[in-house]
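With mature numbering (1 follows the signal peptide of the UniProt record, and there is no 0) as the guide, the letters of the sequence shown map in order to residues -26 to -1, 1 to 652.
Remarks on the structure that follows.
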Amino acid sequence: MKVTGFISLWTLVSLPCGQLVNPAEHEDVVKHAIKLHRGKGAVITQRKQWVLESCRKLSGLLRQKNVVLNKLKNAIRAVEKDAGLSDEEKLFQVHTFEIFQKELNESENSVFQAIHGLQRALQGDYKDVVNMKESSRQRLEALREAAIKEEMEYVELLAAEKHQVEALKNIQHQNKSLSMLDEILEDVRKAADRLEEEIEEHAFDDNKSVRGVNFEAVLRVEEDEASSKRNASKREVEDDLGLSMLIDSQNNQYILTKPRDSTIPRADHHFIKDIVTIGMLSLPCGWLCTTIGLPTMFGYIICGVLLGPSGLNSIKSIVQVETLGEFGVFFTLFLVGLEFSPERLRKVWKISLQGPCYMTVLMIAFGLLWGHLLQIRPTQSVFISTCLSLSSTPLVSRFLAGSVRGDKEGDIDYSSVLLGMLVMQDVQLGLFIAVMPTLIQAGMSTYSSIFKEILRILILIGQILFSLAAVFLLCLVIKTYLIGPYYRKLHAESKGNKEILILGITAFTFLMLTITELLDVSMELGCFLAGALISSQGHMVTEEIMCCIEPIRDFLAIIFFASIGLHVFPTFVIYELTVLLFLTLSVVIMKFVLAVLVLSLILPKTSQYIKWIVSAGLAQVSEFSFVLGSRARRAGIISREVYLLILSVTTLSLLLAPALWRAAIMKCVPRPERRSST
């Protein structure tokens, strides 16, 4: 603004002119103004003279502004009547005049906004924090809007400058003869300008007035190499490409997702460095865990801990790493479904359906009981209990790699029961995510509306059950009519070229994932069902696809387990080690006992021996509690302390899981048949 240097002056001197405030009531403010602008020794006559002269200057500036506006209007009319100018040139000159007119109006508005703000502050109570907070919020909003207007005006001026340069070039081209190459380049330039105009999305203008959109102040941070002169050209290029990082007042960090100019290819070098670093450090960490007899997945988690916020803090694109890691879960569950044939699923479907439901109900009941004793809100107790009732499907899938089947004819093998129950828990996860908004509203509602919330939850459960029925009906149709011809076509087209086979299987997996997500069922269930449907084509098909997909799964699984390590905070665990060990052991023992109790009731008598192995596999907390916990913390269901406790208990339970699994395998499975990834 042109008057930024005068704002502090006018806000203090214009009040007596407009008779907005009685000077006798604010003698201290006047003294402070004299001290700032005239010095401590100013006498009363000098003060009055200073006020009158300042008012005269402000009045003169306003009159001068009105004169300039009238001249601008006359100039605009003259341009519009000038027959010697083209329509494009007329629009450009008129637009330039309008920009200057807007600058004058905005400068005047800034002066009177400052006066109004001072009046509001003087009328307020300095002891009223709420009033001062509201005043500060209003000033912040005004500054944000002013910044946006100034930014838009700057962009318009850049466009005007570009137009002037092009106009000069056109005049020069008209005064000299162009070669054939120059004419071609000129045509290409015009075509490129049209292309930019066609593909440019006015996302800022389109969304700034949308409901729920807020203006925020952000910091733009360049590379840490700013002190190095040899990287100056690189920084200039990155600045043009928009690859710097933005940080808002809440310390959230943002990177570019879609550039204004889509004709230039871009890459997020922070994300590339993060993936490269994780890949390099995962090797020694996994190697070390293999040497001491632990699953390699714990080495990958340690890698995430070392590189994450609690370690070297070298991972910049945490959200992007976690997003890529989700594909590790998808492919892991696809291979689980590939090994888990529909015949095995049909054999244990009742157990898979009943077991997780009974365990979740019992966990919630115990949670409400403990919550009542400890005076915890019911919504918080229900949330914590549901989080802790879930178990980790990727972890158990690693345990079951190459697992044995029942050793007697007619037996139910523990891997089928365990995987079936875990898949049902994934369905419960989708149901719980759908119910969470209602749970948030229930936490803020009075007891008079509890019945409405219960009715809403029942309706949601009905919708999920309907969606499940639709998914399984669709799977039946695909298995009967589509999957056989689809795979035969893929196999015929992929002879000598595995790319078509891999792409076809991946596309089918993503299709099932999309269908289950659209039906408000968990995406993980869609991946599992895709593998189960393909496994119905026979053992040879399963082996061929597994050889192609396993390397992709292994790499993405490394990213997934490293992303879990990003949320592990060793210092917090060390500070509260006694409490966390007690809570973790309590949760593990409770889940083990409840699983044994439930399986004792629903398993056939001939298969009772597998309840110990299945219970050991379920006696840990799913990594999805990180996701649920973060959502609940943002929604206010749980506090920061409870959130950190959930993260720590989940991590420690995952670390204890291999030991418990090995103990159960050694006790229940004969030695020649022990084949586990652990």
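Here a beta-carbon is modelled for each residue, glycine too, at the ideal position from N, C-alpha and C.
- At the C-beta level, residue 295 and residue 533 come within 8 Å of one another.
- By the 16-neighbour rule on beta-carbons within 10 angstroms, residue 461 is buried.
- Taken atom to atom, the span from the alpha-carbon of residue 72 to that of residue 164 is near 26 Å.
- Residue pairing by DSSP places residue 227 opposite 221 in a beta bridge.
- Scanning its chain for C-beta atoms nearer than 8 Å, with the 5 sequence neighbours on each side dropped, one finds around residue 53 the residues 59, 64, 67, 68, 71, in chain order.
- Going by beta carbons, residue 47 and residue 127 fall outside the 8 Å limit.
- Counting C-beta atoms within 10 angstroms of its own C-beta, residue 586 has 16 or more neighbours from the protein chains shown and is therefore classed as buried.
- Within the DSSP bridge table, the entry for residue 193 names 221 as partners.
- Taking 8 Å as the upper bound for CB-CB distance, residue 370 and residue 396 are in contact here, some 6 Å apart.
- Classified as buried, residue 388 has 16 or more neighbouring CB atoms from the shown chains inside 10 Å of its CB.
- Collapsing the DSSP output to three states places residue 349 in coil.
- In this structure, the straight-line span from the alpha carbon of residue 437 to that of residue 228 is close to 36 Å.
- Spatial neighbours of residue 113 in its own chain (CB-CB distance under 7 Å, excluding positions within 5 residues in sequence) are listed in chain order as 91.
- Rounded to the nearest angstrom, the gap between the Cα atoms of residue 595 and residue 253 is 26 Å.
- Per DSSP, the unbroken alpha helix (DSSP H) holding residue 294 starts and ends at 292 to 313.
- Under the three-state reduction of DSSP output, residue 444 falls in the helix class.
- Residue state for residue 511 is assigned as coil, using DSSP reduced to three classes.
- A Cβ-Cβ distance of about 5 Å is found for the pair residue 498 and residue 307, placing them in contact under the 8 Å criterion.
- The three-state secondary structure of residue 553, taken from DSSP, is helix.
- With respect to the 8 Å criterion, residue 523 and residue 479 are classified as neighbours on the basis of their beta carbons.
- Residue burial annotation: residue 565 is buried, with at least 16 other C-beta atoms found within 10 angstroms of its C-beta.
- The three-state secondary structure of residue 77, taken from DSSP, is helix.
- Note that the C-beta distance between residue 505 and residue 489 is not below 8 Å.
- Remark: C-beta atoms of residue 599 and residue 280 do not approach each other more closely than 8 Å.
- Between residue 510 and residue 457 the beta-carbon gap is near 7 Å, inside 8 Å, which marks them as a contact.
- Assignment of residue 602 by DSSP, reduced to helix, strand and coil, places it in the helix class.
- Taking the Cα of residue 86 as reference, the smallest distance to any Cα among 118, 33, 55, 334 is reached at 33.
- In this structure, 554 is the residue among 554, 82, 331, 591 with its C-alpha nearest to the C-alpha of residue 622.
- Secondary structure at residue 67: helix, using DSSP grouped into helix, strand and coil.
- The DSSP assignment places complete alpha helix (DSSP H) segments of no fewer than 4 residues inside the stretch 476 to 539 at 497 to 509, 513 to 539, in order along the chain.
- Exclusion of the five residues before and after residue 50 leaves 68, 71 as the residues of its chain whose Cβ lies within less than 7 Å of its Cβ.
- Excluding its 5 nearest sequence neighbours in each direction, residue 589 has C-beta neighbours in its own chain below 6 Å: 566, 569, 570, listed in chain order.
- Assignment of residue 242 by DSSP, reduced to helix, strand and coil, places it in the coil class.
- Cβ-Cβ distances below 7 Å link residue 610 to nothing in the same chain once the five nearest sequence neighbours on each side are left out.
- Per the C-alpha coordinates, the member of 236, 194, 274 positioned closest to residue 531 is 274.
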